[in-house]
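Participant:
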Amino acid sequence: KQEVTQIPAALSVPEGENLVLNCSFTDSAIYNLQWFRQDPGKGLTSLLLIQSSQREQTSGRLNASLDKSSGRSTLYIAASQPGDSATYLCAVRGTSGSRLTFGEGTQLTVNP
Amino acid sequence: ETGVTQTPRHLVMGMTNKKSLKCEQHLGHNAMYWYKQSAKKPLELMFVYSLEERVENNSVPSRFSPECPNSSHLFLHLHTLQPEDSALYLCASSQVLGLASYEQYFGPGTRLTVT
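Residue numbers (our numbering), protein chains in the order written: chain F, 1 to 112; chain H, 113 to 227.
1) Using the DSSP secondary-structure output, state which residues sit across from R223(H) in a beta bridge.
2) Under 8 Å between beta-carbons, which chain H residues line up against K42(F)? List them in chain order, please.
3) Could you tell me whether the Cβ atoms of T113(F) and G97(F) are closer together than 8 Å?
4) Which residues in the same chain have their Cβ closer than 7 Å to the Cβ of A86(F), if we skip the five residues on either side of it in sequence?
5) If contact is defined by three or more beta carbon pairs under 8 Å, each pair taking one atom from either stretch, is the region 118–137 of chain H in contact with the region 193–205 of chain H?
6) For D67(F), report the span of its beta strand (DSSP E) as first-last.
7) Looking only at its chain, what residues have a beta carbon closer than 6 Å to the beta carbon of V167(H), apart from the 5 residues adjacent to it on each side?
8) Strictly under 8 Å for the Cβ-Cβ distance: is S217(H) near chain F by that measure?
9) Quick check: what's the CA-CA separation for N111(F) versus A79(F)?
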């Protein structure tokens, strides 16, 4: 059974700092990995999708990397802003079916 | 309307009530999903409908009953719920082509409170 772990559970940083969020998964047989952002009481917004054959994806100040063999992904946020404050979720899709397995998330607070 | 919409956004119901949650996607996708998000727990997949056929039921109690009348609409019928069913219920959709499944897009969720 796939398990996804995100570390740290919570992170507080000053504005302008670069930061890294970590995601690990126990079964390396994945189809893709997706990073989401969730604002309090709201739905999920997809940030980046990395296919299993890819090493990284970039969108603006966000960069996600994937090391499938070691079961790890990182989300790098450059020059953080208060508007980046949210919970960041990592989810992996296995090689059969369309099920996503989610981590518990990292709650990020960027202080002005 | 664009993306994935859900109604109602908030729902309070007693344990003897019957209610339904509605989800609609405007993305032309052919798969839809129900997830449950409880406090301090990872999102849990409840149901998957792909090409209007239910393909997965993740051991969900029978007091939750999904319905997918077409590829754009998904319902979750609720009856005789328990207080522990209080959670944020999220709907998502994606495009599925054979074994390939693309990004899932989520709705804003329905915050359900069972009293």
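A virtual CB, placed ideally from N, CA and C, is assigned to each residue, including glycine.
Facilitator: Reading off the structure:
1) Position 111 of the second sequence, counted from the start, is the residue given in the question as residue 223(H). Answer is H122(H) and L200(H), bridged to R223(H).
2) Stepping through the first sequence from its first residue, residue 42(F) is reached at position 42. Chain H residues near K42(F): P220 and G221.
3) Chain F is shown from 1 up to 112; residue 113(F) falls before or after that span and cannot be answered.
4) Taking the first sequence and counting its residues from 1, one reaches residue 86(F) at position 86. Around A86(F): R37, Q38, D39 and L108.
5) yes
6) The residue you call residue 67(F) lines up with position 67 of the first sequence. Element bounds for D67(F): L62 to D67.
7) On the second sequence, position 55 is the one that residue 167(H) refers to. Hits under 6 Å: V160.
8) One-based indexing of the second sequence puts residue 217(H) at position 105. A small fix is needed here, since residue 217(H) is Tyr in this sequence, not Ser. It does; some Cβ of chain F falls within 8 Å.
9) Position 111 of the first sequence holds residue 111(F). Position 79 of the first sequence holds residue 79(F). Rounded to the nearest angstrom, the two C-alpha atoms are 12 Å apart.
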